[in-house]
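Residue numbers (the numbering used here), protein chains in the order written: chain A, 1 to 645; chain B, 1001 to 1496.
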Amino acid sequence: MSGPNGDIALWLLVLLPAAVGGVLAVSRRAGPVAAPVSLGTASVTAALSVVVALERPAVAVPFMAGADFALGVDGLAALVTPTVAVVTMLVLLFAAGEIREGRARFHGLMLLFASSAVLTVTATTLPTLLFAWELMGATSYALIGFWWREDHRVSSGLTAFVTTRTADLGLYVAAAAALAGGAGLALADLPEGSAGWRDVVAAGVLVAALGKAAQLPFSFWLSRAMEGPSPVSALLHSAAMVAMGGYLLLRTESLLAATGWAGPTAAWLGAATALVMGAVAVTQRDLKQLLAASTAAQLAFVVMAAGVGTVAGGAAHLVAHASTKALLFLAAGAWLTALGTKQLSGLSGVARRWRLVGWTASLGAVALAGVAPLSLWATKDAVLAEALKQSPWLYSAGVAASALSAAYAGKVLVVVWRLSPAHGEAAESQHDEELTGTRHVGVLEQAPLVVLAFGAVVLGGLALPPADALVARAVGEGRPHVAVPELVASAVLAVAVVVAVARWGVPEPRWGLRWLGLETAARAVVVRPTLAVAHALARFDDGVLDRAVTGMATGVLAAARGSARFDDRVLDRGVEATSTTSLRAAERAARADDSSLDGAVEWVATGMRRLGEVARRPQSGQLYQYYLQAVVVLATGVVLLVLVR
Amino acid sequence: MLSLIVFLPLAAAAVLVALPRIGDVVARWLWVAVTAVDLALVVALWLRYESPGSLGLAFEERAAWIPGVNSSYHVGVDGLSLPLVAMTAVIFLACAVYGLHERDRPRIQAALFLFLQSVSLGLFVSADLILFFVFFDLSIVAMYFVIAGWGHGDSGRSAMKFFLYTFLGSLALLVGFIGLYLAADPHTFDMVDLAEAAPLAQSPLAGGLVLAAILVGLAVKTPTVPFHTWLPPAHTDAPAVGSAVLAGVLLKMGTYGFVRIAMPMLPQAWQSWAWVVIVVGVVSVLYGALVALAQTNFKRMVAYTSVNHMGYIALAVGVAGLVAEDTTQARAVAVTGAVTQMVSHGLITGALFLLAGVLENRASTYDMDAYGGLAAPAPKFATLFAVGAFASLGLPAFSGFIAEFQIFTGSVAAAPVTAIALLGILVTAALFLRALQRIFTGETRGRSVGFADLRASEVWSVGPLLVLSLVIGVLPRPLLDVIEPAAGVVVDLVGR
Chain A
1 MSGPNGDIAL WLLVLLPAAV GGVLAVSRRA GPVAAPVSLG TASVTAALSV
51 VVALERPAVA VPFMAGADFA LGVDGLAALV TPTVAVVTML VLLFAAGEIR
101 EGRARFHGLM LLFASSAVLT VTATTLPTLL FAWELMGATS YALIGFWWRE
151 DHRVSSGLTA FVTTRTADLG LYVAAAAALA GGAGLALADL PEGSAGWRDV
201 VAAGVLVAAL GKAAQLPFSF WLSRAMEGPS PVSALLHSAA MVAMGGYLLL
251 RTESLLAATG WAGPTAAWLG AATALVMGAV AVTQRDLKQL LAASTAAQLA
301 FVVMAAGVGT VAGGAAHLVA HASTKALLFL AAGAWLTALG TKQLSGLSGV
351 ARRWRLVGWT ASLGAVALAG VAPLSLWATK DAVLAEALKQ SPWLYSAGVA
401 ASALSAAYAG KVLVVVWRLS PAHGEAAESQ HDEELTGTRH VGVLEQAPLV
451 VLAFGAVVLG GLALPPADAL VARAVGEGRP HVAVPELVAS AVLAVAVVVA
501 VARWGVPEPR WGLRWLGLET AARAVVVRPT LAVAHALARF DDGVLDRAVT
551 GMATGVLAAA RGSARFDDRV LDRGVEATST TSLRAAERAA RADDSSLDGA
601 VEWVATGMRR LGEVARRPQS GQLYQYYLQA VVVLATGVVL LVLVR
Chain B
1001 MLSLIVFLPL AAAAVLVALP RIGDVVARWL WVAVTAVDLA LVVALWLRYE
1051 SPGSLGLAFE ERAAWIPGVN SSYHVGVDGL SLPLVAMTAV IFLACAVYGL
1101 HERDRPRIQA ALFLFLQSVS LGLFVSADLI LFFVFFDLSI VAMYFVIAGW
1151 GHGDSGRSAM KFFLYTFLGS LALLVGFIGL YLAADPHTFD MVDLAEAAPL
1201 AQSPLAGGLV LAAILVGLAV KTPTVPFHTW LPPAHTDAPA VGSAVLAGVL
1251 LKMGTYGFVR IAMPMLPQAW QSWAWVVIVV GVVSVLYGAL VALAQTNFKR
1301 MVAYTSVNHM GYIALAVGVA GLVAEDTTQA RAVAVTGAVT QMVSHGLITG
1351 ALFLLAGVLE NRASTYDMDA YGGLAAPAPK FATLFAVGAF ASLGLPAFSG
1401 FIAEFQIFTG SVAAAPVTAI ALLGILVTAA LFLRALQRIF TGETRGRSVG
1451 FADLRASEVW SVGPLLVLSL VIGVLPRPLL DVIEPAAGVV VDLVGR
């Protein structure tokens, strides 16, 4: 096993570019030192990658959800990690010559990306993988939209990010399913989950990988990603980020095989993408768009390799493609900077003008075509030979896709070496249409091309004896079988197709130019309905929910006012009415008091007065009347005396 | 120690109110100093913290208060409340630093925020329902004055709506608390005793009603759909520091109530009604994200993303109620994720609202279409904004990813149909990147022209919040080591 040195190297491999990149990306005054610092870091990283490839360390720290943040280098990672690190270094060398503004931010973001790519390669648990996976997507967004003053580039970054994030949801589902299935979140343990959950894990991983690798139906984001600077296209969108989609499937190949359906599904989806994207690439008129479609088509071979179960073949193809495609993208970038155009018609005969770029790019194009004995010929056949064992139809689809790759590579070759003066004049008119060309390709931009061209030539050895046995043993597979008839046939086919293209040209139908309208379809089926629902819900929120709450408040206020009116008009008036009634009763009582009680008293008083007047009448002053009164009183007294006795 | 931490800001507030001649500069710096000291005390507490057992509390303090209803001044922390206490201290310090440039009555604002800090800290450490309720309502009162006194736009109306709506919710909460009190034998308001007794376990109807009352009260505060309509106007019209505290601290009082009160004290009812909570959570996630997508006012957009983020918490705690033998680990992971999300959302959304305040301060508008190409005149602002936006959409290396990964892993493992909530992180990614694009990229036009970049007080208030989120995102173990035991305890208590 590896000692502590290997462990330290592995941690440094991931942490060093991340730390340096993070600091560079946010500092604004580091412009002048950005390129040397990033190149130094990238070189150290490349060296460390070789160290870990030899030492094969494994490290882990506790992280979350019962799983560790774990990294480990096995045979497959030992092959891919140095590839990523070396291509990063070469691309940064190129970028040192090409990127003039915002250098600190650019180099910082590229280093952050490199760190997350290496972390993706060496991750051994799902949380670690997802961590790195999404960080790659975020740095890709920032790098595609690097020239942020141009709105359409930032839009492209957004499209790329949201599309890949949609696919990434598959990894979240896979993580949950892995936990539920009892397998735990380690990548190596995924095949051991319970059957139903394992299918969900495989489906989730498959979707995420297809999205990242720009396979159908996600391919359109890669077309938009071409709006970023050429070094970004060379590193992220050919060699590293999209390749990680294929890499994930190679890493989880045992899981795909264990489910029974995931392997064939991956293989057929790969075959379909290789065919369709190959056809799309053939029809392109823009060099970067052609290379992008070609990337999707070539990675489809890696997907197919994972589907049919040849990890060694897939890994070899991935490595060889990384070198070849990075070379071609950097060449396209050099021509874009020099001539100000990336349209094929504007690049007519450009290979003759800058010889080194022309020759290295041609080597890359020939390798891409699958011409023997260059790299992609052997690696592609390693995959197709395995596919033939599974299904002749699959093999035929693969062969057709190879023919298409020869066609589009041949198209590029023909254009860049064209001698015709008529084409040359038409090309001149297209120069400087995107930016003002410098008419110069510097040393920093040419040096990486040489190294990558070398890789494009020799890396096919990974799929040929004697190295193929080494690779197979490293990834844990059996002895590879070299299919000589297939190799010869594909070599012949490639040359034949290139010659045919040189002679007769290729069709360029509109459906190909628009990448099958995939993005338009995605907008119509996903984006527009979502926005429509969003606006409808916002209106519902304001107009119904909020109005209901405000309505309740208004209702309460209305009830309050009603109660207030009731209080004033009914209750209070009732109280007032009581007092008015009391006053009237009092008045009546007062009148009764005056009229009856008081009247009675007055009547008695009046009666007394009359009696008094009557009592005065006997006082008449006449003597005879007094005598009469005295007799009457005496007689009355006698009668009374007699009666009482 | 806990009482010191809780009441130190209150004492400082009293000092500030009592000395009107103290001067603006001194007042502002006093505010910063007190919050810094409080944070230092909380850090010291954290370093000495050891996980208490099930139903235990660390640094417990108890004093008699209202013996007639068996309510005491009982405080303590455990793995659920300690991270929230720390987050509260950090957010208030950030607001104090941000407030170093406040021109409008800084002394009174400082006093009010210190009071609010005491109240918030008190709520998170309280272990008695009446104490909890008092702090709950006082927080509403204090925030009303913050919005009405220092807000802009239609602040009076928004403050009134906020106050009435959340106060009404708190009354429902009080009804629930009284229900718990009456059901317990002996009658008590003490949280630890109630959690141990789980008084309404035998009566599903009463338990369901009490849970409904408590859930309504907490759902208004959280807020979940459909009780969320007070949030957007409150945020839009509140000052930057007010929004930061409202989103960062006050909303957590609702979600904290789920894990501290509803789940441990009403396990049977929670299990019966778990799907209601899950559905409310999922609806909040999707509805919040979609309505946020449709907004053109940046602060309103972030307000709706808060509804979305709180929805994840509701989803996770709802799933914790789906008790089954083989889902124990998944449910514990989900609850851990929910508490992590509480901390993470506080830090990140607090930072976003402080950044939104810069828009208001410089150009008096939050309308995203009024800006364009702002990264040119204000690169520091653009950087911090981009970091905040990516942190909020759940990018790894930030705390949001730690939280959301655990929530989804746990929830989908226990209840696969909840996977639909994953669309929430997709929509939030789209809406934040669109906002970033509209405001910062493209040609510099509109209000972006002549926009002054961030001041030191703004950088030093927002920066540390995002750095802390980054630290948690890369090194989550110190935080998770505190939360995981407590989450396990909650899952056990709910499973009774």
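Backbone N, C-alpha and C define an ideal beta-carbon position, used for all residues, glycine too.
Just so we're clear, the structure is a prediction, and the values are computed from it rather than from any experiment.
So, for residue i: in the same chain, excluding its five sequence neighbours on each side, which residues have a beta-carbon less than 6 angstroms away from its beta-carbon?
{"i": "A/Trp197", "result": "Ala177, Ala180, Gly181"}
{"i": "A/Val498", "result": "Ala369, Ala406, Gly410"}
{"i": "A/Leu129", "result": "Ala123"}
Would you decide whether residue i is buried or exposed? Buried here means 16 or more other CB atoms lie within 10 Å of its CB.
{"i": "B/Tyr1165", "result": "buried"}
{"i": "A/Glu486", "result": "buried"}
{"i": "A/Met1", "result": "Confidence at A/Met1 is low in this model, with a pLDDT of 49, below 50, so its placement is unreliable and no value can be given for it."}
{"i": "A/Asn5", "result": "exposed"}
{"i": "A/Glu134", "result": "buried"}
{"i": "B/Ile1420", "result": "exposed"}
{"i": "A/Phe566", "result": "exposed"}
If you measure from the beta carbon of residue i to each beta carbon in chain A, is any gap under 9 angstroms?
{"i": "B/Ala1397", "result": "yes"}
{"i": "B/Val1210", "result": "no"}
{"i": "B/Arg1434", "result": "yes"}
{"i": "B/Leu1164", "result": "yes"}
{"i": "B/Gln1271", "result": "no"}
{"i": "B/Ile1147", "result": "no"}
What would DSSP say about residue i, mapped onto helix, strand or coil?
{"i": "A/Phe301", "result": "helix"}
{"i": "B/Phe1227", "result": "coil"}
{"i": "B/Thr1222", "result": "coil"}
{"i": "A/Val71", "result": "Note that residue 71 of chain A is Leu in the sequence shown here, rather than Val. Note: A/Leu71 maps to strand in three-state DSSP."}
{"i": "A/Thr125", "result": "strand"}
{"i": "A/Val59", "result": "strand"}
{"i": "A/Ala186", "result": "strand"}
{"i": "A/Asp7", "result": "helix"}
{"i": "B/Gln1109", "result": "helix"}
{"i": "A/Met552", "result": "helix"}
{"i": "A/Asp432", "result": "coil"}
What residues are listed by DSSP as bridge partners for residue i?
{"i": "B/Ile1066", "result": "B/Ser1071"}
{"i": "B/Glu1061", "result": "B/Val1075"}
{"i": "A/Gln629", "result": "Note: A/Gln629 sits in no beta bridge, so no partner."}
{"i": "B/Ser1126", "result": "B/Val1075"}
{"i": "B/Asp1190", "result": "B/Asp1128"}
{"i": "A/Asp593", "result": "A/Asp593 pairs with nothing; no bridge assigned."}
{"i": "B/Asn1297", "result": "B/Asp1367"}
Once you ignore the five residues that flank residue i on each side, which residues in its own chain have a CB closer than 8 angstroms to its CB?
{"i": "A/Ser402", "result": "Gly370, Lys380, Leu384, Ser490, Leu493, Ala494"}
{"i": "B/Thr1328", "result": "Val1491, Gly1495"}
{"i": "A/Thr83", "result": "Ala239, Leu318, Val319, Ala322, Ser323"}
{"i": "A/Asp470", "result": "Rather than Asp, the amino acid found at residue 470 of chain A in this sequence is Leu. Around A/Leu470: no qualifying Cβ."}
Can a CB atom of chain B be found closer than 9 angstroms to the CB of residue i?
{"i": "A/Arg198", "result": "no"}
{"i": "A/Trp148", "result": "yes"}
{"i": "A/Ala195", "result": "no"}
{"i": "A/Ala538", "result": "yes"}
{"i": "A/Thr550", "result": "yes"}
{"i": "A/Arg523", "result": "no"}
Considering only residues of the same chain and omitting the five flanking positions on each side of residue i, which have a CB-CB separation below 7 angstroms?
{"i": "A/Ala332", "result": "Ser230, Leu287, Lys288, Leu291, Lys342"}
{"i": "A/Leu16", "result": "Thr41, Val44, Thr45"}
{"i": "B/Gly1400", "result": "Ser1344, Ile1348, Ala1391, Ser1392, Gly1394"}
{"i": "A/Ala447", "result": "Leu93"}
{"i": "B/Ala1403", "result": "Gly1337, Thr1340, Gln1341, Ser1344"}
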